[in-house]
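**Student:** Chains as they are written, first to last, in this note's numbering: chain A, 1 to 300; chain B, 1 to 275; chain C, 1 to 375.
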Amino acid sequence: MAFLHAVSSSTSATKNVLKGKSLTPYLLLAPGLIWLVTFFIIPIFSLASTSTMVRPDGAQVGVYEQKLRFANYVDAFIANQDQYVRSFFYAALATILALAISYPLAYAIAFKSGKYRNILLVMVIAPFFTSFLLRTIAWTQILADSGPVVSTIQALPFVDELFRINNTSTAVVIGLAYNFLPFMTLPLYASLERIDPRTLEAAGDLYANGLTTFRKVTLPLSMPGVVAGTLLTFIPAAGDYVNAALLGNPNTKMIGNVIESRFFAVVDYPTAAALSFTLMATILILVTLYIRKSGTDELV
Amino acid sequence: MTTINAPMPSLSHRASRWFSRNLVRIYAALAFIYLFIPVAYTFAFSFNDAGKSNLVWQGFTFDNWKNPCGAPQVCEAVGNSLKIGVISTSLATALGTMIAFALGRYKFKGRTSTNLLIFLPMATPEVVLGASLLAMFLNLRINPSFWTIVISHVMFCISFVVVTVKARIASLDPRLEQAAMDLYANEKETFRYVTLPLVMPGIAGAALLAFSLSFDDFIITNFNSGTVSTFPKFVYVSAARGIPAQANVIGSAMFFIALIIVIVGQVVSRKRKKS
Amino acid sequence: MANTKVSQDTGDLKLDRVSKHYGDFCAVDDLSLVVPDGSFFALLGPSGCGKTTTLRMIAGLEEPSAGTISIGDTDITTQKSYRRNVNTVFQNYALFPHLTIFENIAFGLRRRGIKDVKTEVENALKLVEMGHLSERKPNQLSGGQQQRIAVARAIVNRPEVLLLDEPLGALDLKLRRQMQIELKRIQTEVGITFIHVTHDQEEAMTMADTIAVMNQGKIEQMGSATDLYEAPKTAFVANFLGQCNLIKGKVTSRSGDKAIVTANGLNFEVPTSRVATSNESVFLGVRPEKLRLDDTGVNSIKNCVVTDRSFVGTSTQYMVRSPWDLELVVFEQNDEGLHDLRVGDTVSLEWDPEHTFALDGAGDINAGSDLDDEE
Numbered sequence: 001m002a003f004l005h006a007v008s009s010s011t012s013a014t015k016n017v018l019k020g021k022s023l024t025p026y027l028l029l030a031p032g033l034i035w036l037v038t039f040f041i042i043p044i045f046s047l048a049s050t051s052t053m054v055r056p057d058g059a060q061v062g063v064y065e066q067k068l069r070f071a072n073y074v075d076a077f078i079a080n081q082d083q084y085v086r087s088f089f090y091a092a093l094a095t096i097l098a099l100a101i102s103y104p105l106a107y108a109i110a111f112k113s114g115k116y117r118n119i120l121l122v123m124v125i126a127p128f129f130t131s132f133l134l135r136t137i138a139w140t141q142i143l144a145d146s147g148p149v150v151s152t153i154q155a156l157p158f159v160d161e162l163f164r165i166n167n168t169s170t171a172v173v174i175g176l177a178y179n180f181l182p183f184m185t186l187p188l189y190a191s192l193e194r195i196d197p198r199t200l201e202a203a204g205d206l207y208a209n210g211l212t213t214f215r216k217v218t219l220p221l222s223m224p225g226v227v228a229g230t231l232l233t234f235i236p237a238a239g240d241y242v243n244a245a246l247l248g249n250p251n252t253k254m255i256g257n258v259i260e261s262r263f264f265a266v267v268d269y270p271t272a273a274a275l276s277f278t279l280m281a282t283i284l285i286l287v288t289l290y291i292r293k294s295g296t297d298e299l300v
Numbered sequence: 001m002t003t004i005n006a007p008m009p010s011l012s013h014r015a016s017r018w019f020s021r022n023l024v025r026i027y028a029a030l031a032f033i034y035l036f037i038p039v040a041y042t043f044a045f046s047f048n049d050a051g052k053s054n055l056v057w058q059g060f061t062f063d064n065w066k067n068p069c070g071a072p073q074v075c076e077a078v079g080n081s082l083k084i085g086v087i088s089t090s091l092a093t094a095l096g097t098m099i100a101f102a103l104g105r106y107k108f109k110g111r112t113s114t115n116l117l118i119f120l121p122m123a124t125p126e127v128v129l130g131a132s133l134l135a136m137f138l139n140l141r142i143n144p145s146f147w148t149i150v151i152s153h154v155m156f157c158i159s160f161v162v163v164t165v166k167a168r169i170a171s172l173d174p175r176l177e178q179a180a181m182d183l184y185a186n187e188k189e190t191f192r193y194v195t196l197p198l199v200m201p202g203i204a205g206a207a208l209l210a211f212s213l214s215f216d217d218f219i220i221t222n223f224n225s226g227t228v229s230t231f232p233k234f235v236y237v238s239a240a241r242g243i244p245a246q247a248n249v250i251g252s253a254m255f256f257i258a259l260i261i262v263i264v265g266q267v268v269s270r271k272r273k274k275s
Numbered sequence: 001m002a003n004t005k006v007s008q009d010t011g012d013l014k015l016d017r018v019s020k021h022y023g024d025f026c027a028v029d030d031l032s033l034v035v036p037d038g039s040f041f042a043l044l045g046p047s048g049c050g051k052t053t054t055l056r057m058i059a060g061l062e063e064p065s066a067g068t069i070s071i072g073d074t075d076i077t078t079q080k081s082y083r084r085n086v087n088t089v090f091q092n093y094a095l096f097p098h099l100t101i102f103e104n105i106a107f108g109l110r111r112r113g114i115k116d117v118k119t120e121v122e123n124a125l126k127l128v129e130m131g132h133l134s135e136r137k138p139n140q141l142s143g144g145q146q147q148r149i150a151v152a153r154a155i156v157n158r159p160e161v162l163l164l165d166e167p168l169g170a171l172d173l174k175l176r177r178q179m180q181i182e183l184k185r186i187q188t189e190v191g192i193t194f195i196h197v198t199h200d201q202e203e204a205m206t207m208a209d210t211i212a213v214m215n216q217g218k219i220e221q222m223g224s225a226t227d228l229y230e231a232p233k234t235a236f237v238a239n240f241l242g243q244c245n246l247i248k249g250k251v252t253s254r255s256g257d258k259a260i261v262t263a264n265g266l267n268f269e270v271p272t273s274r275v276a277t278s279n280e281s282v283f284l285g286v287r288p289e290k291l292r293l294d295d296t297g298v299n300s301i302k303n304c305v306v307t308d309r310s311f312v313g314t315s316t317q318y319m320v321r322s323p324w325d326l327e328l329v330v331f332e333q334n335d336e337g338l339h340d341l342r343v344g345d346t347v348s349l350e351w352d353p354e355h356t357f358a359l360d361g362a363g364d365i366n367a368g369s370d371l372d373d374e375e
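1. I need the DSSP call for Ala-6 (chain A), collapsed to helix, strand or coil.
2. Suppose you measure from the CA of Leu-23 (chain A) to the CA of Met-181 (chain B); what does that come to, to the nearest Å?
3. Kindly list, in the order they appear in chain A, the residues whose Cβ is closer than 9 Å to that of Gln-266 (chain B).
4. Using the beta-carbon of each residue, which ones in chain B are nearer than 7 Å to Trp-138 (chain A)?
5. Following a CB-centred definition, is Ala-66 (chain C) positioned closer than 7 Å to any heavy atom of the ligand SAM?
6. Quick one: give me the first and last residue of the alpha helix (DSSP H) that Thr-233 (chain A) is part of.
7. Between the Cα of Ser-438 (chain C) and those of C:Gln-180, C:Leu-162 and C:Leu-293, spot the shortest distance and give me the residue it belongs to.
8. Helix, strand or coil: which one does DSSP assign to Gly-169 (chain C)?
9. Does the structure place the stretch 159-166 of chain B close enough to the stretch 89-97 of chain B that three or more beta carbon pairs sit under 8 Å?
10. Exposed or buried, what is Val-173 (chain A) when buried is set at 16 or more other beta-carbons lying within 10 Å of its beta-carbon?
11. Scan the stretch 72-91 of chain C for residues whose Cβ lies nearer than 9 Å to a Cβ of chain B and list them as they occur along the chain.
12. If you measure from the beta carbon of Lys-107 (chain B) to each beta carbon in chain A, is any gap under 8 Å?
13. Check the Cβ-Cβ distances between Leu-61 (chain C) and every residue of chain B, and say whether any is below 8 Å.
14. For the stretch 38-51 of chain A and the stretch 127-138 of chain B, state whether three or more C-beta atom pairs, one from each stretch, are separated by less than 8 Å.
15. For Asp-360 (chain C), write down the residues that DSSP places opposite it in a beta bridge.
16. Using the Cα positions of Ala-302 (chain A) and Asn-54 (chain B), report the straight-line distance between them to the nearest angstrom.
17. Beta-carbon within less than 8 Å of Thr-296 (chain A)'s beta-carbon, same chain only, minus the 5 sequence neighbours each way: which residues are those?
18. What three-state label does DSSP hand Ile-137 (chain A) in the structure shown?
19. Counting contacts by CB-CB distance shorter than 8 Å, is Arg-292 (chain C) in contact with chain B?
20. Taking the alpha-carbon of Glu-354 (chain C) as reference, which of C:Lys-302, C:Gly-108, C:Phe-311 and C:Gly-285 has the nearest alpha-carbon?
21. For chain C, find out if any of its Cβ atoms is closer than 8 Å to the Cβ of Ala-179 (chain B); answer yes or no.
22. Buried or exposed for Met-1 (chain C), please, with buried defined as at least 16 other CB atoms from any protein chain shown within 10 angstroms of its CB.
23. Which residues in the same chain have their Cβ closer than 6 Å to the Cβ of Leu-164 (chain C), if we skip the five residues on either side of it in sequence?
24. By the criterion of Cβ-Cβ separation under 7 Å, what are the contact partners of Phe-96 (chain C) in chain B?
25. Three or more beta-carbon pairs under 8 Å between the stretch 189-207 of chain C and the stretch 324-335 of chain C, yes or no?
26. Using a Cβ-Cβ distance under 8 Å, would Met-200 (chain B) count as near chain A?
27. Listing by chain order, which chain C residues have their CB less than 7 Å from the CB of Pro-305 (chain B)?
28. Taking 8 Å as the cut-off, decide whether the C-beta atoms of Phe-357 (chain C) and Pro-167 (chain C) are in contact.
29. What residue does the beta strand (DSSP E) around Gln-140 (chain C) start on, and which one ends it?
30. What residue from C:Thr-10, C:Leu-61 and C:Asp-360 has the CA that sits closest to Glu-187 (chain B)'s CA?
31. Just checking: is the beta-carbon of Asn-186 (chain B) within a distance shorter than 8 Å of some beta-carbon in chain E?
32. Taking DSSP as the reference, what is the three-state secondary structure of Trp-57 (chain B)?
33. Please give the ranges of any beta strand (DSSP E) in the stretch 178-263 of chain C, keeping only runs that are unbroken, at least 3 residues long and fully inside the region.
34. So, using beta-carbon positions, are Leu-200 (chain A) and Thr-213 (chain A) closer together than 8 Å?
35. Kindly indicate the opening and closing residues of the beta strand (DSSP E) around Thr-316 (chain C).
36. Counting only the same chain and skipping the five closest in sequence on each side, list residues whose C-beta sits under 6 Å from that of Gly-205 (chain B).
Put into structure tokens, the structure is as follows:
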């Protein structure tokens, strides 16, 4: 995420000498960090604590006791492993789809946009000024079973009469990819923009054709952007439930849907907490691997 | 009579050359169309003369735009979202900017942990952020309310503010501050006359980002709002029975307002460079 | 109505045993010098020699690890830069991008509490011949114009000492020559002490009254351009300023005002005042333009062979190989009496003792010579 900001503004060539030996930084950090600890870190512990609670027999709905029942995790996972696996599967597909759409887009903005570059960047973000819910719902209406798009596709000779887009797993994946496009496009753009076009010319001078130049020079140099964009898309996608709710059907429920329903519909806080915690832990492992590769200063 | 020495490439050859050179541009244009289709659809249907359910086109009207609060609960939801947005943005921008300055200008112990703490909320799915906060509020017997929403919004916006402002600070030439001190400005004056004016665009951008994240947030808000209504919540809940066209009006209006702000910002900063 | 928070010290600038360490690395090593009030002083040396660090310590932007800095009688070593009566012209100009030229120049005056800045700013602009640009912003100016504004912004505050950190590095050759003359004119007109840091030896020699040649955190030699050029005291100074021929030899006799250095079986005469060491092992030195292509002089080398020849307009430069395979450089001025030699010709070299010098032979004979021109 830092890529897009840090790169689109010019970087100075001088080393930044940091001031040491002072209380000021701690005073500056304190309020914000305390807020984060209180409302991010401690809630995680709350979540962990809730996940091991049990509803005592005969107690009212919503009343729980702390019994450190770690079996909650096992129970929750077994009951919902389909949704769990499905979430990561959909997220992966959505990420790949987002990458496929975003990479050429980012490439075009970075190398082939000339003086329209800033305008194009704004246009990538602009759709997201409209509420994403409104846009997702707009898609359901555009892709409605009786709407023009589906009707046209149904008319094609090799398509089944009952072809539909809404309320299918395809729609969910497409919706996920669409929602997170800027998170994929902007880091990609940032790392592509960093590439000196003369490097590409040099490759051509050294007998590489267009495709080879891309494979051997552009793609490797853009990898930091690819990694960043992939993480920034995959992580929120894995936990999403809005797309599955609006664009899917009961068979496409993701883990996010289960967590939401366990909190609000079926009041079962421990299961919901256990599921949330497992989701977070899995994602944290992925993120840790990434941190090991690039160090923390690159992230923020 | 002149003779043509080089053979002219055939029309199809030229066409295919043009095509391969512009393939990426064509693709990008298609991608942009794809991005904007739902926006255009939303905008178009904001003019729909529909009753409660805005699903089928029934006729063009300006009524929705003239009376955006016509549908029940729309304006209450928007009002809440705006209030929450302003309060959360102010707090998150203030807290985040302070952290950005600490990270960008000072040496201190615990830099790695700080970076991690800032990064983690951005790397955590919203479901987990929302659920964990709700778990804490439940365990502390605090009822979800307007203020729990604000708390959650500030929490997830701080990281984005830090990233944005920190990048701006990093691009600031430290020799400008040295020049100020060389020219008799002490630390406070250097900050006030040199550092702050130069970092301000970053702070403004961060505030805009925080506001849009807050206004558009659904998942975390859903977990921590109880009965308080926000615009995204309103839209989600209405999806089942039909979203009133006024919601499209609000959505489109937000789009245009944000677009105008961004464009104005770009023009102003470009004018400052040329003037 | 100046703000009294800025000190008003006057006098010579004195650095006394100043050192600066960064961890294990020693950037400035026990450096002492006195810059007379009102002189144009140059700190000359290759990149990394510590000259910029020294400058920044004088400005107050770095604190010395050891030693004291004073102006006149006042010790300013621990004074913050905004209290010192010292201003800097930065290498990249560091003009405030968000302020107009007028406000850039007025900045220091305003911070000192001076209310009426208009006259002062206009005078400063007139001094650097930029009066018509006061309402523009820095990014609308060319490099040369920005450089002048940077000078104006510093000078308008009438500091006791003006520091210039390689201010001409980013300008092209013609503009640089022009600005060298300009800066010299301004310094003479205003009478402020200028300390100019540069790696360009021609620049230093053109502009400065006194030059201090720095190498690896120490001053190798300090003096006027003539002193440093004609009578260098170390191999580094000899090689860094212009070109130099150095021959390894031994002092075999030292009596009165005449010394004899023997090298490769030949004896050379050197005035004892131009022998910079009491060691026996020395480098015998002579500048290329002092060599003549004859064999009648007091100091001479016979039976050399021309290995290269370049005509550069003002002179012809010959590379000549001595009988013991040392390459010597000879400049023959494009004047009457030209020897039109070709590659392969045999030739003798000769020169006068008063153009000879002898340097300490312990150390690197090539110190200061094979450094590429930076930037």
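A virtual CB, placed ideally from N, CA and C, is assigned to each residue, including glycine.
**Tutor:** In short:
1. Confidence in Ala-6 (chain A) is poor, its pLDDT being 38 and thus under 50, which makes the residue's placement too unreliable to answer from.
2. 20 Å
3. Asn-118, Ile-119 and Val-122
4. Checking the displayed sequence, the identity of residue 138 (chain A) turns out to be Ala instead of Trp. Within 7 Å Cβ-Cβ: Pro-38, Tyr-41 and Thr-42.
5. Among the components modelled here there is no ligand, and therefore nothing to report on the ligand SAM.
6. 223-239
7. What the structure shows of chain C is the stretch from 1 to 375, and residue 438 (chain C) is not part of that stretch, so it cannot be assessed.
8. coil
9. yes
10. buried
11. Lys-80, Ser-81, Tyr-82, Arg-83, Arg-84, Val-86, Asn-87, Thr-88, Phe-90 and Gln-91
12. yes
13. yes
14. yes
15. C:Val-282
16. Because chain A spans 1 through 300 in this model, residue 302 (chain A) falls outside it and cannot be assessed.
17. Legend: pLDDT at Thr-296 (chain A) = 46, less than 50; position of this residue unreliable, no value from coordinates given.
18. helix
19. no
20. C:Gly-285
21. yes
22. Legend: pLDDT at Met-1 (chain C) = 33, less than 50; position of this residue unreliable, no value from coordinates given.
23. Val-89 and His-196
24. Leu-176 and Val-194
25. no
26. no
27. Chain B is shown only over 1 to 275; residue 305 (chain B) falls outside these bounds and no answer can be derived.
28. no
29. It is not in any beta strand (DSSP E) - Gln-140 (chain C) carries neither H nor E in the DSSP assignment.
30. C:Leu-61
31. Here the protein chains are A, B and C, and chain E is not one of them.
32. coil
33. 193-198, 210-215, 218-223, 245-255 and 258-263
34. yes
35. 315-321
36. Thr-164
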